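Q:
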Amino acid sequence: MGDFARVTDKSESQVGETSRKPLLIGVIMSLIGLLAPVLLTFNNLGFSSGIGIQSMLWNYSPGSGFMLIPPYMMTAMFPFILLRFVPVLQLHRYYKGKTTRRRTLLASLVGDGYFLIFGLPIFIISLLFASPYLMIPLPLQMIFAILILWRYPLPEPTTPWDGVEQSKSWWEKTTDSKQEKADDNELW
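Numbering of the sequence shown is given in numbering that gives the first Met the number 0, commencing with residue 0 and proceeding in unit increments.
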């Protein structure tokens with residue numbers, strides 16, 4: 000009886016750990032999505048130069064310093080904030096076992112996709128033409144999601160459901176049945 004109690008305690012602790020993992024990753028991803036920088040800008044105009052950092056909720060520039068984004072500007076940024084929550088929800092679903100790793104990987108590109116699509120061409124053009132203004136996208140949320148998926152993958156199921164065997168292809172089924180019939184007709 001002592002063994003049974005010890006086994007149930009172990010399974011309860013494992014259930015607690017697995018139920019906390021999606022929540023913890025969701026909270027970390029949400030904080031990264033809202034607070035981590037998305038763009039880094041350099042400007043060298045001769046008379047003034049500086050480094051600016053842009054996040055979803057705050058901004059830093061040498062002239063004005065650290066500044067929170069005003070609420071009226073948050074309404075304009077609302078679609079981008081929603082896009083930042085797509086990888087959060089997808090990682091949460093992945094660690095709950097409701098989606099695949101490949102779909103989660105693709106969804107991790109959505110949160111930083113706009114900033115990459117917008118920022119990379121400007122970055123390349125400014126490097127090619129030696130522009131005094133340089134904008135670098137920082138896909139920190141995407142990098143974190145990819146690292147989490149790489150470091151802590153869930154085991155992929157071999158069959159679609161428990162107790163169901165994987166079906167064979169039509170060509171495998173016919174060859175197996177013909178071989179069995181040939182064995183039954185032999186005299187030896």
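Ideal placement from N, C-alpha and C gives every residue a C-beta, glycine not left out. If you're wondering where the values come from, they're calculated on a predicted model, not measured in any experiment.
So, with DSSP's three-state summary, where would you put Thr203?
A: Nothing can be reported for residue 203, as the shown portion of the chain is limited to 0 through 187.
Q: Can the beta-carbon of His91 be found less than 8 Å from the beta-carbon of Ile142?
A: No, the Cβ-Cβ distance between His91 and Ile142 is not below 8 Å.
Q: Can you find the residues in the same chain that come closer than 8 Å, C-beta to C-beta, to Met0, ignoring five residues on each side of it along the sequence?
A: At Met0, the pLDDT of 46 sits below 50, so the modelled position is not reliable and the matter cannot be decided from this model.
Q: At which residues does the beta strand (DSSP E) containing Met134 begin and terminate?
A: From DSSP, the beta strand (DSSP E) with Met134 extends over 132-136.
Q: Run through the DSSP bridge pairs and tell me what Gly51 is partnered with.
A: According to DSSP, which records beta bridges pairwise, Gly51 is partnered with Thr40.
Q: Given a threshold of 16 other Cβ atoms within 10 Å of its Cβ, counted over all protein chains shown, does Gly45 qualify as buried or as exposed?
A: Gly45 is exposed by the Cβ-count criterion.
Q: Name the two residues that bound the continuous alpha helix (DSSP H) containing Leu148.
A: Taken as a continuous stretch (DSSP letters only), the alpha helix (DSSP H) holding Leu148 covers 139-150.
Q: Could you spell out the range, first to last residue, of the beta strand (DSSP E) harbouring Ser60?
A: It spans 57-60 - the beta strand (DSSP E) in which Ser60 sits, taken as one unbroken run.
Q: Are Leu137 and Pro21 close, meaning C-beta to C-beta below 8 Å?
A: No, the pair does not count as a contact, with Cβ atoms beyond the cut-off.
Q: Can you give me the Cβ contacts of Pro152 inside the same chain, cut-off strictly under 8 Å, excluding the 5 residues immediately before and after it?
A: The residues are Arg100.
Q: Answer with yes or no whether the minimum CB distance from Met73 to chain C is below 8 Å.
A: The structure shown contains no chain C; it is built from a single protein chain.
Q: Consult DSSP for Phe65 and reduce its assignment to one of helix, strand or coil.
A: Strand, per DSSP.
Q: Which of the three DSSP states, helix, strand or coil, is assigned to Ala35?
A: Coil.
Q: Ignore the nearest five residues each way along the sequence and tell me which others in Arg83's own chain have a CB closer than 6 Å to its CB.
A: Hits under 6 Å: Gly32, Gly110.
Q: Quick check: the Cα distance between Met55 and Pro86, rounded to an integer number of angstroms?
A: Approximately 15 Å, taken between the alpha carbons.
Q: Suppose you measure from the CA of Lys9 to the CA of Leu148; what does that come to, to the nearest Å?
A: In this predicted model, Lys9 has a pLDDT of only 42, less than 50, meaning its place in the structure is not dependable; the value taken from the coordinates is given anyway. Computed Cα separation, rounded: 26 Å.
Q: What's the call for Phe114, buried or exposed, on a 16-neighbour Cβ count within 10 Å?
A: Burial call: buried.
Q: Exposed or buried, which one is Gly118 when buried takes at least 16 other CB atoms within 10 Å?
A: It counts as buried.
Q: Roughly how many angstroms separate the alpha carbons of Met72 and Ile50, rounded to a whole number?
A: In a straight line, the C-alpha of Met72 is about 22 Å away from that of Ile50.
Q: Is DSSP giving Gly45 helix, strand or coil here?
A: If DSSP states are grouped into helix, strand and coil, Gly45 belongs with coil.
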